[in-house]
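Number of protein chains: 2
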Amino acid sequence: MPTDLTGKKIAFIVNNSGVEQPELTRPWDDLGAAGATTTLIAPEAGEVKAFNNDVEPGDTFTAELAVSDADPADYDALVIPGGTTNADSLRLDASAVAFVKAFAEAGKPVAAICHGPWMLVESGVVEGKTLTSYASLQTDVRNAGGSWVDEEACTDDAKGWTLVTSRDPDDLDAFVEAAAAAFA
Amino acid sequence: MPTDLTGKKIAFIVNNSGVEQPELTRPWDDLGAAGATTTLIAPEAGEVKAFNNDVEPGDTFTAELAVSDADPADYDALVIPGGTTNADSLRLDASAVAFVKAFAEAGKPVAAICHGPWMLVESGVVEGKTLTSYASLQTDVRNAGGSWVDEEACTDDAKGWTLVTSRDPDDLDAFVEAAAAAFA
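Line order of the protein sequences matches chains S and W.
Using the numbering used here, read the first sequence as starting at 1 and increasing by one per residue.
Using the numbering used here, read the second sequence as starting at 185 and increasing by one per residue.
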């Protein structure tokens, strides 16, 4: 990770249950090691239960802020980890959906992996963008007006904001590198 | 269950892991008790691992047939149970998607609950239909051309086939009653 992210404030948004653990911890650790300040945000402040392979209980993390108390203006960039039930539940939280939308509207970079792009579909920011995701989302992405591609990391600058997307945990090396480049 | 389903052959399609247990067992038991012959079909014949609340391991069931070996012509109706990871994985199976589509194209009734309607989105049969689902799918349903409604059981006869849909396990009484009426 040669990219220097000193001074960058990066928000991570997850549900209080269901995040795919390495999709949280790898970007969190690597972007932090590059100098960024990272903040974990969820529908409720407090416990975040991670899983591996969607249904195997993982570790517990702590959300510093409830999304309804978080101001997108306080952050330079956003990371949206995956996990099937994580993204499926998070898209039902209106504050979380508005939080994601605010980054795109402000022209700030967003990086989403695996099932995280459902949050982009829910926020209505996919139209005219080129992106990847876990393969099961491709029809939802296309129906939302996006161009779905099958790549380990896709960086798209259309519509005035940069979107970095990847397919699954096997893409994490490329995902973190592309996210760091977009956030620098 | 006053409806008589004697002689009706009903296929149930699920993934080999992830089905929300009561969304399989309630329709299976009740439609069987009404006289229907029920067949469990999955991407692979054999073990089907059910869950409760998406991530709590439930019981194990047995798929009699692999979907690639199943002929839609052998059945009068189709049930698509939910479960977030169930539907998320099943929509990646091309044979399962084609199996679902065949029922709509043949004008046969289909009943889908919770996250099951993702299979309808993936099969391209939602356009012009009115349906409900787990609330998180509503944007995907609308983007696929469907009219999403918030009802415990929705029966729609548009486009030459009957679709019964419900939102979650709390709707199972209404779901099974509406499915039985549609299948009779």
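Even for Gly, the Cβ is constructed at its ideal location relative to N, Cα and C.
In this text the structure is predicted, and so the values were computed from the model without any measurement.
Candidates the options: which alpha carbon is nearest residue i's?
{"i": "W/Ile264", "options": "W/Ala366, W/Asp354, W/Val348", "result": "W/Val348"}
{"i": "W/Thr244", "options": "W/Asp213, W/Ala220, W/Pro353, W/Gly202", "result": "W/Gly202"}
{"i": "W/Phe359", "options": "W/Ala319, W/Val294, W/Val325, W/Ser331", "result": "W/Val294"}
{"i": "S/Glu23", "options": "S/Thr37, S/Pro117, S/Lys108", "result": "S/Pro117"}
{"i": "S/Ala34", "options": "S/Leu65, S/Leu5, S/Ala178, S/Lys108", "result": "S/Leu5"}
{"i": "W/Phe235", "options": "W/Asp214, W/Thr221, W/Glu204, W/Leu249", "result": "W/Glu204"}
{"i": "S/Ala187", "options": "S/Phe183, S/Ala180, S/Trp161, S/Asp30", "result": "Since the first residue of chain S shown is 1 and the last is 184, residue 187 of chain S is not available in this structure."}
{"i": "S/Gly82", "options": "S/Asp30, S/Ser166, S/Ala180", "result": "S/Ser166"}
{"i": "S/Pro169", "options": "S/His115, S/Thr3, S/Ala104", "result": "S/His115"}
{"i": "W/Lys292", "options": "W/Asp213, W/Asp214, W/Ala368", "result": "W/Ala368"}
Taking the DSSP output, what are the residues bridged to residue i?
{"i": "S/Asp4", "result": "Bridge partners of S/Asp4: none, in fact."}
{"i": "S/Pro57", "result": "S/Phe51"}
{"i": "S/Phe12", "result": "S/Leu40, S/Val79"}
{"i": "W/Val147", "result": "It is not possible to answer for residue 147 of chain W, since the shown part of chain W is limited to 185 through 368."}
{"i": "W/Thr269", "result": "Looking at the DSSP assignment, W/Thr269 forms no beta bridge with any residue, so it has no partner."}
{"i": "S/Val19", "result": "S/Ala50"}
{"i": "S/Ser136", "result": "For S/Ser136, which the question treats as bridged, DSSP gives no partner whatsoever."}
{"i": "S/Asp156", "result": "S/Leu163"}
{"i": "W/Ala250", "result": "W/Ala226"}
{"i": "W/Ser331", "result": "W/Thr314"}
What residues in its chain sit with their C-beta under 8 Å from that of residue i, if we drop five residues either side in the sequence?
{"i": "W/Asp355", "result": "Ile297, Glu336, Ala337"}
{"i": "W/Ala247", "result": "Val198, Asn200, Leu224, Ile225, Ala226, Glu228, Ala229, Gly230, Glu231, Val232"}
{"i": "S/Val149", "result": "Thr130, Leu131, Thr132"}
{"i": "W/Gly242", "result": "Gln205, Lys233, Ala234, Phe235, Asn236"}
{"i": "S/Lys101", "result": "Ser123, Gly124, Val125"}
Could you name the residues of the same chain whose beta carbon sits closer than 6 Å to that of residue i, not counting the 5 residues immediately before and after it, in chain order?
{"i": "S/Ala158", "result": "Gly128, Lys129"}
{"i": "S/Ala11", "result": "Thr39, Ile41, Tyr75, Leu78"}
{"i": "S/Asp140", "result": "Val121"}
{"i": "W/Ala220", "result": "Leu189, Lys192, Ile194"}
{"i": "S/Asn143", "result": "none"}
{"i": "S/Thr84", "result": "Asp54, His115"}
{"i": "S/Ser147", "result": "Thr130"}
{"i": "W/Ala288", "result": "Val309, Trp345"}
Please look up how many angstroms separate the CB atoms of residue i and residue j, rounded, as I've assumed it's under 8 Å.
{"i": "S/Asn16", "j": "S/Val55", "result": "Incorrect: roughly 16 Å between the Cβ atoms, too far for contact."}
{"i": "W/Phe283", "j": "W/Ala254", "result": "6 Å"}
{"i": "W/Val251", "j": "W/Ala280", "result": "5 Å"}
{"i": "W/Leu215", "j": "W/Ala364", "result": "6 Å"}
Apart from the five residues on each side of it in sequence, which residues of its chain come closer than 7 Å, Cβ to Cβ, to residue i?
{"i": "S/Arg26", "result": "Leu172, Val176"}
{"i": "W/Thr339", "result": "Thr346, Val348, Ala362, Ala366"}
{"i": "W/Ala271", "result": "His299, Gly300, Trp302, Met303"}
{"i": "W/Trp212", "result": "Phe196, Thr222"}
{"i": "W/Leu321", "result": "His299, Pro301, Trp302"}
{"i": "S/Thr3", "result": "Ala34, Ala180, Ala181, Ala184"}
{"i": "S/Gly145", "result": "Val126, Glu127, Gly128"}
Three or more C-beta pairs below 8 Å linking the segment 115 to 124 of chain S and the segment 92 to 102 of chain S: yes
Touching by the beta-carbon criterion (3+ pairs, under 8 Å), the segment 246 to 264 of chain W and the segment 68 to 75 of chain S: no
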